[in-house]
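A.B. asks: There's a structure below that I have some questions on.
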Amino acid sequence: MLFKPRLKWLTALVLSSAFLLPRLTSAQIRSHEIGRLWDSFFPTESLPEYAPVQNQMTYPAGDFSSQRNKNLEGRGLWIGVTNWTDKDNRFFSKYVSENGILNFDSPIFVSKISNKKMVKNRLPTVRVNGTQEKRVLDARSGSGIRRVKSLSTDEQIETIWATNVGIQVKRHTYAMANQNHNSYIVLEYTFTNNGSIDSDPKTAELGQQDLQGVYFGFLYSIIPSGDRGNLQVRERDEWAHYYGNQPGDSLRGLWYVYDGDAQTKIIDDIGDPDDKTGEFLATQYVGIGVLHADRAYNAEEDDPAQPATVDFTPLSNLKTHGSYSDDEMYLDLASGKQSQGTDTGEYQRPTNPAIQAPIVMMAFGPYDIPFGEDVRIVLYEAIGSIARPVAIQAGQDWKNGSLSFNGLSGDQAKDALVGTGKDSLAQIASHAEFAWQRGLGTLPKPPRAPNLQIESGPGKIVLK
C-alpha cells in the first residue's frame, strides 16, 4: 500500500541521515498553519517520497510531536495531451504527464521553479518561561517568506513549476483566519502553454506548439486522521462519495472521503474508536471541491459541465508509466464517467478489493490551448468533523455503554454522531463557494495576533 514505502523511507531518513533532514525540510516546503485546517505545499503538486515533516490536510490543526490528524496520503496532477511532439521530436497521438501519486517527485515530468509564501501579518512570537516557540514548518520570516500588507487573504502560497508537455503550472493557495472560513483552503491553478519544460521559463524547448485535447486530472489519496504509525486508523476502510450536479443545489461539485466499518472486528469501528480510551480517532469528512473551471482559453466564465470526468480507482489499480500506456492513462482522464463514489450500495464493505483505498479523481477538459494562452481551474480542500473534545467524551461514553444521541444509543448513536461531520463539511463547502463568488478579499479580516509571553510558577500561570 501507498503508506508502507513512505513509512519505510521516513524510518531510514531518521536513522541514517540527521544531516539530511534540514536540507529536505528547507527544500521550499511552504505551509498554511492558520485556522483549523493546516496543509503543506511542495515545489510541485505531488508529495515527495522521502516524507519529511509536513502537514497533510491536518485537522483539527495543531503541533503534535507525532504529526497526528493527517488526512492526506497523496496528491497528484496528470496533464493529458493529444497529437503532441516532445523535445526529441517524437510524436504522440496521446500522452500523459504524470505528476504523482505513485511517482512522487516526478523528476522526469516536472521541474521546480519557485515556491513562495506571503502573509498579511507575521506570526506572533510566543515565549514560555523565556524559551521562544519554534515552528518547524511555519517560520515568521526567512527566505521565500515575506509580508505583504495589501494581501487579499491572510496567507497565500505561490508555487510555479514546469511540465514536460510545455505547460507551466502556477498554483496560488489561500488560507484565512476568519472563524467562518478557516476550515478550507482555496487552490487556484493557472495552466499556461509557454513551451518551456525546465526551471527556466524564458526558454521554450518545445517551440510554439498549440496543444490539443488537454485534460487536467487532479488525484487525491485520503485516509481520515491517518496518523503515522497508528495502524488502527490505517485499515483502509474508507468510503468515497461525489456530490454534484444536483438540480436546484448550488453546490458545484465535491468529493469527500470518510471512515467506514472495516468489519474485521466484533465491534462496529466506524470512527475508529481507540481500543483503550474509546476516543473516536477518525471523525473527519475530508473534501475536495470545485469552485471554477474556465470554459476555454478564450472564455473565462465558469463552465458548469466541468469536471468532464469524475471517477475513482482502488490504489492497487492506479495506473502509472511503466505499467500502463499513455493511451490507457489518457482514457482515465477522458472517459467522461460521472461516478458517485463507492458508497452507493453496490458494495457491502469498504475493504472490498474492487474499491479499497479509493484514489478519487476529477479531470477537466478537453481544452485546446494555443501557444501563450492559459486556462484557470480553482479547487478547495475542506474538512468537516465533530470537535475533538466531543470525540473524546463521546468515545468514553460509548466505551462504557452510556452514549446517547438523538434518541439513539450504542453503535447507532456513535455512527450518527460521527456522521454529523458530513453536515459540517457541507456548511464549510457553502462558505467556500460564497467566499469565492463574493471575492476572498471581501471577507472580514481579524486583527493582528499579539505576541505572548507565558511564565509558570508554583500555583500560577502568568500571561503577558
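Using the numbering used here, read the sequence shown as starting at 32 and increasing by one per residue.
Ideal Cβ placement from N, Cα and C applies to all residues, glycine included.
1. State the start and end residues of the unbroken alpha helix (DSSP H) segment that holds residue 414.
2. Can you tell which of 252, 386 and 160 has the C-alpha that lies nearest to the C-alpha of residue 485?
3. Find the nearest neighbour of residue 99 within the set 106, 90 and 107, judged by alpha-carbon distance.
4. Closer than 8 Å by C-beta to residue 163: which residues in its own chain qualify, once you throw out the five before and the five after it? Chain order, please.
5. How should residue 199 be labelled, buried or exposed, when 16 other C-beta atoms within 10 angstroms of its C-beta is the threshold for buried?
6. Using only the alpha-carbon positions, how far apart do residue 482 and residue 493 sit?
7. So the beta strand (DSSP E) residue 501 belongs to, where does it begin and stop?
8. Kindly provide the ranges of any alpha helix (DSSP H) runs that are 4 or more residues long and lie completely inside the segment 354-437, ordered along the chain.
9. Less than 7 Å between the beta carbons of residue 299 and residue 442, yes or no?
10. Does the count of Cβ pairs from the segment 358-372 and the segment 336-344 closer than 8 Å reach three?
11. Going by CA-CA distance only, name the one from 146, 115 and 202 that's closest to residue 108.
12. Please report the residue range of the beta strand (DSSP E) in which residue 99 lies.
13. Please tell me whether residue 218 and residue 390 are closer than 7 Å, where the distance is taken between their beta carbons.
14. Just how far apart, CA to CA, sit residue 238 and residue 446?
15. Helix, strand or coil for residue 143, going by three-state DSSP, please let me know.
16. Report the option in 348, 353 and 395 whose CA atom is closest to the CA atom of residue 368.
17. Does residue 77 pass the burial test, meaning 16 or more other C-beta atoms within 10 Å, or should it be called exposed?
18. Distance check for residue 329 and residue 283, CA to CA, integer angstroms please.
19. Could you tell me the alpha carbon to alpha carbon distance between residue 414 and residue 477, rounded to whole angstroms?
20. Near residue 495, which residues of its chain fall below 6 Å by C-beta distance, leaving aside the five closest residues on each side in sequence?
21. Run through DSSP, which three-state label would residue 61 get?
22. Is it buried or exposed for residue 53, if we count other Cβ within 10 angstroms and need 16 for buried?
23. What does the alpha-carbon distance come out to for the pair residue 313 and residue 189?
24. Counting only the same chain and skipping the five closest in sequence on each side, list residues whose C-beta sits under 6 Å from that of residue 274.
25. Would you list the residues sitting across from residue 444 in a DSSP beta bridge?
26. In or out: residue 260 buried (at least 16 other Cβ within 10 Å) or exposed?
27. Determine, using beta-carbon pairs with one atom in the segment 224-234 and one in the segment 397-407, whether at least three such pairs fall under 8 Å.
28. For residue 135, I'd like the list of residues in its chain whose CB is within less than 8 Å of its CB, leaving aside the five on either flank, ordered along the chain.
29. Alpha carbons only, please: which of 146, 73, 131 and 180 is nearest the one belonging to residue 472?
30. Quick check on residue 422: buried or exposed, where buried means 16 or more other Cβ atoms within 10 Å of its Cβ?
C.D. replies: Concretely, from the data shown:
1. Numbered from its first residue, the sequence shown carries residue 414 at position 383. Residue 414 -> not in any alpha helix (DSSP H); beta strand (DSSP E) instead, spanning 405-415.
2. The residue labelled residue 485 in the question sits at position 454 within the sequence shown. If you compare the alpha carbons of 252, 386 and 160 with that of residue 485, the shortest gap goes to 160.
3. Numbered from 1 along the sequence shown, position 68 holds the residue referred to as residue 99. Nearest C-alpha to residue 99: 90.
4. To locate residue 163, count along the sequence shown from 1; it is residue 132. Excluding the 5 residues flanking it on each side, residue 163 has same chain C-beta neighbours closer than 8 Å at 156 and 157, in chain order.
5. Your numbering for residue 199 matches position 168 in the sequence shown. Label assigned to residue 199: buried.
6. Taking the sequence shown and counting its residues from 1, the one referred to as residue 482 is at position 451. Taking the sequence shown and counting its residues from 1, the one referred to as residue 493 is at position 462. Residue 482 and residue 493 have their C-alpha atoms roughly 14 Å apart.
7. Lying before the first or after the last residue shown, residue 501 is absent from the chain, which here runs from 32 to 495.
8. You should have 357-365 and 419-430.
9. In the sequence shown, counting from the first residue as 1, residue 299 sits at position 268. In the sequence shown, counting from the first residue as 1, residue 442 sits at position 411. A Cβ-Cβ contact shorter than 7 Å links residue 299 with residue 442.
10. Proximity of the segment 358-372 to the segment 336-344 meets the contact definition, three or more beta-carbon pairs being nearer than 8 Å.
11. Taking the first residue of the sequence shown as position 1, residue 108 is located at position 77. It is 202.
12. One-based indexing of the sequence shown puts residue 99 at position 68. Segment: none, residue 99 is in no beta strand (DSSP E) and carries neither H nor E.
13. Within the sequence shown, numbered from 1, the residue matching residue 218 stands at position 187. Within the sequence shown, numbered from 1, the residue matching residue 390 stands at position 359. With contacts defined by Cβ atoms closer than 7 Å, residue 218 and residue 390 do not form a contacting pair.
14. Reading the sequence shown from its first residue, position 207 is the one you call residue 238. Reading the sequence shown from its first residue, position 415 is the one you call residue 446. Taking the straight line joining both Cα atoms gives about 57 Å.
15. One-based indexing of the sequence shown puts residue 143 at position 112. Three-state DSSP puts residue 143 in a strand.
16. In the sequence shown, residue 368 corresponds to position 337, counting from 1. Nearest to residue 368 by alpha-carbon distance, out of 348, 353 and 395, is 395.
17. As a working mapping, residue 77 is identified with position 46 in the sequence shown. Buried, since its Cβ has 16 or more Cβ neighbours within 10 Å.
18. Walking along the sequence shown from the start, residue 283 turns up at place 252. Walking along the sequence shown from the start, residue 329 turns up at place 298. Rounded to the nearest whole angstrom, the CA to CA distance from residue 283 to residue 329 is 22 Å.
19. Here residue 414 refers to the residue found at position 383 when the sequence shown is read from its first residue. Here residue 477 refers to the residue found at position 446 when the sequence shown is read from its first residue. So the alpha carbons of these two residues sit roughly 22 Å apart.
20. On the sequence shown, residue 495 is found 464 positions in, with the first residue counted as 1. These residues qualify, in order along the chain: 484.
21. Here the question's residue 61 lines up with position 30 in the sequence shown. Strand, per DSSP.
22. Taking the sequence shown and counting its residues from 1, one reaches residue 53 at position 22. In this prediction, residue 53 has a pLDDT of 37, which is less than 50 and means its spatial position is unreliable; nothing more can be read from the coordinates.
23. Along the sequence shown, read from residue 1 onward, the residue named residue 313 stands at position 282. Along the sequence shown, read from residue 1 onward, the residue named residue 189 stands at position 158. Distance between the alpha carbons of residue 313 and residue 189 is about 31 Å.
24. Indexing the sequence shown from 1 puts residue 274 at position 243. Short of 6 Å from the beta carbon of residue 274, and not among the five residues preceding or following it, lie these beta carbons of its own chain, in chain order: 285.
25. As a first step, residue 444 must be located in the sequence shown, where it is residue number 413. None, per the DSSP bridge assignment.
26. Here the question's residue 260 lines up with position 229 in the sequence shown. Bear in mind that the predicted position of residue 260 carries a pLDDT of just 48, short of 50, making it unreliable; the figure below should be weighed with that in mind. Flag for residue 260 reads exposed.
27. With a cut-off of 8 Å on Cβ pairs, the segment 224-234 is in contact with the segment 397-407, counting three or more such pairs.
28. In the sequence shown, the residue the question calls residue 135 occupies position 104. Listed in chain order, the non-local C-beta contacts of residue 135 below 8 Å within the same chain comprise 77, 78, 79 and 80, local neighbours out to five positions each way being set aside.
29. Taking the first residue of the sequence shown as position 1, residue 472 is located at position 441. Residue 472 has its Cα closest to that of 180, out of 146, 73, 131 and 180.
30. What you label residue 422 is simply residue 391 of the sequence shown in a count that begins at 1. Its Cβ being crowded by 16 or more others within 10 Å, residue 422 is buried.
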